[in-house]
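The sequence shown: position 14 = 256 (the working numbering), numbered continuously.
Cβ atoms here follow ideal geometry from the backbone N, Cα and C, with glycine treated the same way.
Keep in mind the model is a prediction, meaning the values are calculated, not measured.
Working notes for the structure below.
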Amino acid sequence: MISFDKQNSRILIYSMHNLLGQISEKNLCRRLDRFLCSTGCEDIFPEARQTALARVISDHCPIQLDTNKVKWGPCPFRFENMWLQDPEFRNKFKEWWQSEQVEGWEGYKFMIKLKAMKKKVQS
Numbered sequence: 243m244i245s246f247d248k249q250n251s252r253i254l255i256y257s258m259h260n261l262l263g264q265i266s267e268k269n270l271c272r273r274l275d276r277f278l279c280s281t282g283c284e285d286i287f288p289e290a291r292q293t294a295l296a297r298v299i300s301d302h303c304p305i306q307l308d309t310n311k312v313k314w315g316p317c318p319f320r321f322e323n324m325w326l327q328d329p330e331f332r333n334k335f336k337e338w339w340q341s342e343q344v345e346g347w348e349g350y351k352f353m354i355k356l357k358a359m360k361k362k363v364q365s
């Protein structure tokens, strides 16, 4: 096991309670500022960072581990205006748009055609 301690994670949290949970002259201080992980963990999650969150109930701050690997849905599609400067792209786009046959009201047809164009442009 290794201590997960990254440079940007300056977290120094100590427990100031004894084993009974009471403050006394014989306080036990324990460092509670890091995650422990296996040695291969950093190879799998090289961008991982830990963050101390706000204390809510106890005298401890929860520590969040962000592996930066999670995708929270599809990436937004952004149309680039420079694509329109390429005559080949304009012709291809026109061909794609006219080849899509969709039934329904106009707003629905437009939405479905846009989704189809996104897939074709990204491929």
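Taking only beta-carbon atoms, is residue i less than 8 Å away from chain D?
i      : result
Arg297 : Of the chains in the structure shown, none is chain D; there is only one protein chain.
Considering only residues of the same chain and omitting the five flanking positions on each side of residue i, which have a CB-CB separation below 6 Å?
i      : result
Thr309 : Phe287, Ala290
Ala296 : none
Ala358 : Glu342
Met324 : none
Helix, strand or coil for residue i per DSSP?
i      : result
Gln343 : coil
Ala358 : helix
Trp314 : coil
Glu322 : coil
Val298 : coil
Pro329 : helix
Gly287 : Per the sequence presented here, residue 287 reads as Phe, with Gly not at that position. Coil, per DSSP.
Going by DSSP, name the residue or residues bridged to residue i.
i      : result
Thr293 : Gln306
Short of 7 Å in beta carbon distance, which residues of its chain neighbour residue i, apart from the five on each side in sequence? Order them along the chain.
i      : result
Lys362 : Trp338
Phe331 : Trp325
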